[in-house]
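Report on the following structure.
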Amino acid sequence: MPTIKCPGCGQEIKFFLIENAYEGPLKCASCKGLFKVSIEGEELKAWQPMTEEELKAGQEIEALKAKFRRTPRSD
Ligand SMILES: [Zn+2]
Numbered sequence: 002m003p004t005i006k007c008p009g010c011g012q013e014i015k016f017f018l019i020e021n022a023y024e025g026p027l028k029c030a031s032c033k034g035l036f037k038v039s040i041e042g043e044e045l046k047a048w049q050p051m052t053e054e055e056l057k058a059g060q061e062i063e064a065l066k067a068k069f070r071r072t073p074r075s076d
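All you need for my numbering is the position in the sequence shown, starting with 1, plus 1.
As structure tokens, then:
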């Protein structure tokens with residue numbers, strides 16, 4: 002399992018990638034920091050601090066997307 006270093010505290014975070022690249026929220030269990038990260042392979046390419054509000058908004062969008070994916074096509 003790849004690990005990346007938390008941008009906030011340097012703690013290594015085990016990170017399971019379904020795909021080779023990931024862009025989205027990452028929460029550090031050590032410093033409780035919340036970051037929007039861009040990961041390619043095992044490398045942290047970019048990151049920026051993120052608020053709980055932004056995380057929630059993003060999760061709502063993802064939930065909506067999932068809902069649409071599950072909707073059977075009518076044609
Ligand atoms: Zn941290």
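Note that beta-carbon positions come from the ideal geometry of N, C-alpha and C, so glycine has one too.
Item	Value
Of the residues 13, 59, 71 and 74, the one placed nearest residue 30, counting alpha carbons only	13
Residue burial classification, residue 5 (beta-carbon count within 10 angstroms, cutoff 16)	buried
DSSP-derived helix/strand/coil call for residue 49	strand
Residue 63 - DSSP class collapsed to helix/strand/coil	helix
Three-state secondary structure assigned by DSSP to residue 57	helix
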